[in-house]
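Notes follow the structure.
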Amino acid sequence: MYRAGIETGLAGGLVLKSTFTFVFTVLIAAAGMLSVLRCDRSGTPSQEMAEERPRAQFVAQQAGPDTIQVTVDIPPGHHAYLDSGDRGNLVPISFDWSAVSEVLPATPSLEQVPEGDRDEDVGARVLRGQSRFVFAVPDAQALKGSQIQVTSQICDEEVGLCYRPEQNELTIY
874 MYRAGIETGL AGGLVLKSTF TFVFTVLIAA AGMLSVLRCD RSGTPSQEMA EERPRAQFVA
934 QQAGPDTIQV TVDIPPGHHA YLDSGDRGNL VPISFDWSAV SEVLPATPSL EQVPEGDRDE
994 DVGARVLRGQ SRFVFAVPDA QALKGSQIQV TSQICDEEVG LCYRPEQNEL TIY
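Just add 873 to wherever you are in the sequence shown, counting from 1, and you've got my numbering.
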């Protein structure tokens, strides 16, 4: 009977220890989130914070009768991915032309990809600064004013933080 009491006491101690560990972990996570997310006085995330987030800028324009050029500008101190990396878990810059498929007789083909730099720390080719993607497009003039979708993810090299991937509609000029 005494032995059972000790076992019960140990089990209760284990439950208490597990509860403490869980609560401590939640508090640490919450403190970390507060350092990343700035809120206004009402407790909602501030619009200013959303606007401060660095973003890749894309411009698509006709560069010839059968060519569309997409210029990408990555903010200083950041990079975007050109491939999915050695582990296949990264989000590279990609283009979705399905919205204009009815206008075109064939799917655009990627003719020129920025070389980028191999970053061994992340195990992928990364893009920094400004670069261009060039697509061969039959009758590029027909696409003026149309939209394509671009997916990208940028990472802050100083902090070591990657932002959530974004999908944006890009108008062709």
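Glycine included, each C-beta is placed from N, C-alpha and C at the ideal position.
Looking at the backbone, the Cα of Ala929 and that of Pro978 are separated by about 30 Å.
The beta-bridge partner set that DSSP reports for Arg998 consists of Arg991. Cβ neighbours of His951 within its own chain (closer than 7 Å, five residues either side excluded): Pro927, Ile1027, Cys1028, Asp1029 and Glu1030. Distance between Tyr1046 and Gln1020, taken at the CA atoms: about 9 Å. DSSP places Leu983 within a strand segment (E or B) once states are collapsed to three. Between the region 930 to 939 and the region 981 to 994, the count of Cβ pairs shorter than 8 Å is below three; the stretches do not touch. Within the DSSP secondary-structure output, Gln1020 pairs in a beta bridge with Thr1044. Contact holds between the region 966 to 981 and the region 1006 to 1024, because three or more Cβ pairs, one in each stretch, are under 8 Å apart. Beyond the five residues adjoining it in sequence on each side, Asn1041 comes within less than 6 Å, by CB distance, of Val1023 in the same chain, given in chain order. A straight-line Cα-Cα distance of about 15 Å links Glu925 and Cys1035. Gln1003 is a Cβ neighbour of Asp946, given a cutoff of 8 Å.
By DSSP's assignment, Glu1039 forms a beta bridge with Ser1025.
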